[in-house]
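Student: According to the UniProt record's numbering, the sequence shown is numbered sequentially starting from 1. The beta carbon of each residue, even a glycine, is placed where N, CA and C say it ideally should be. The model shown is predicted, which means the values in this text are computed figures rather than measured ones.
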Amino acid sequence: MHDSDRYDFVRDIGSGNFGIARLMRDKLTKELVAVKYIERGDKIDENVQREIINHRSLRHPNIVRFKEVILTPTHLAIVMEYAAGGELFERICKAGRFIEDEARFFFQQLISGVSYCHAMQICHRDLKLENTLLDGSQAPRLKICDFGYSKSSVLHSQPKSTVGTPAYIAPEVLMRQEYDGKVKPFNFTS
Numbered sequence: 001m002h003d004s005d006r007y008d009f010v011r012d013i014g015s016g017n018f019g020i021a022r023l024m025r026d027k028l029t030k031e032l033v034a035v036k037y038i039e040r041g042d043k044i045d046e047n048v049q050r051e052i053i054n055h056r057s058l059r060h061p062n063i064v065r066f067k068e069v070i071l072t073p074t075h076l077a078i079v080m081e082y083a084a085g086g087e088l089f090e091r092i093c094k095a096g097r098f099i100e101d102e103a104r105f106f107f108q109q110l111i112s113g114v115s116y117c118h119a120m121q122i123c124h125r126d127l128k129l130e131n132t133l134l135d136g137s138q139a140p141r142l143k144i145c146d147f148g149y150s151k152s153s154v155l156h157s158q159p160k161s162t163v164g165t166p167a168y169i170a171p172e173v174l175m176r177q178e179y180d181g182k183v184k185p186f187n188f189t190s
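(1) I need the straight-line Cα distance from Y116 to D8, nearest angstrom please.
(2) Could you tell me whether the stretch 21-30 touches the stretch 58-65, using the rule of 3 or more Cβ pairs below 8 Å?
(3) Where do the N-terminal and C-terminal ends of the beta strand (DSSP E) with R11 fall, by residue?
(4) Pick out whichever of R25, F106 and L28 has its Cα sitting closest to the Cα of F89.
(5) Considering only their Cβ atoms, is the gap separating I53 from S153 smaller than 9 Å?
(6) By DSSP, does K57 sit in helix, in strand, or in coil?
(7) Here's the rule I'm using: 16 or more other beta-carbon atoms within 10 Å means buried, otherwise exposed. How should C93 be labelled?
(8) Taking DSSP as the reference, what is the three-state secondary structure of A139?
(9) What are the boundary residues of the alpha helix (DSSP H) that includes L110?
(10) Restricting to Cα atoms, I'd like to know which of Y149, A139 and L133 is closest to G14.
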């Protein structure tokens with residue numbers, strides 16, 4: 001795997017079905033960025049294309065900022081804003097629970113980001129605590145990430161495939177009914 005001449009490796013920050021994520025430092029600006037490396041191949045490149053198109057079009061304070069795509073001989077690297085505060089899921093696990101004001105603080109930010117996605121005609125389709133990051137500031141800003149399952153109603157057909165994380169999937173998705181961006185994670189209302 002070749003890194004761009006523009007970034008220095010800092011450390012690995014995660015891995016999953018997609019590949020690996022690394023914390024990198026921009027050599028010019030010294031800014032820390034997250035880089036998601038996906039092994040190249042016809043099928044992977046085709047699936048990731050939608051993620052790149054959808055994420056690139058979004059500019060909102062509650063969405064991880066998309067920066068660029070780098071192609072290496074073996075990998076496709078998606079460069080994004082680094083959220084130093086980690087996952088909201090981890091924060092909840094450490095705290096045990098949130099008081100109502102803290103839960104409301106994060107929920108309002110989540111709804112703001114989701115509303116923006118819907119206004120841009122993009123359905124995330126895998127919204128969960130593990131796909132919500134925090135920026136690391138004193139009053140953390142929530143950032144929605146991972147648009148791998150996202151779909152645009154402008155660029156793509158109406159979503160009807162069953163994708164996402166089972167514990168968070170809405171009943172209409174599980175029943176294989178057509179749905180739009182208004183479908184909400186089942187646990188929003190639980």
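Tutor: Let's see:
(1) For the purposes of this step, residue 116 is taken as residue 116 along the sequence shown, with counting starting at 1. For the purposes of this step, residue 8 is taken as residue 8 along the sequence shown, with counting starting at 1. Cα to Cα, Y116 sits roughly 33 Å from D8.
(2) no
(3) Stepping through the sequence shown from its first residue, residue 11 is reached at position 11. Run containing R11: Y7 to G16, per the beta strand (DSSP E) assignment.
(4) One-based indexing of the sequence shown puts residue 89 at position 89. That would be F106, whose Cα lies nearest to the Cα of F89.
(5) Locating residue 153 in the sequence shown gives position 153, counting from the first residue. Locating residue 53 in the sequence shown gives position 53, counting from the first residue. For S153 and I53, no; Cβs fall outside 9 Å.
(6) In the sequence shown, residue 57 corresponds to position 57, counting from 1. With the sequence shown as reference, residue 57 is identified as Ser, and Lys is not the correct amino acid for it. Three-state DSSP puts S57 in coil, outside helix and strand.
(7) Translated into positions along the sequence shown, residue 93 becomes position 93. By the 10 Å Cβ count, C93 comes out exposed.
(8) As a first step, residue 139 is located in the sequence shown; it is residue number 139 there, counting from the start. Coil.
(9) On the sequence shown, position 110 is the one that residue 110 refers to. Here the alpha helix (DSSP H) through L110 covers E100 to A119.
(10) The residue given as residue 14 occupies position 14 in the sequence shown. Here the closest residue by C-alpha is L133.
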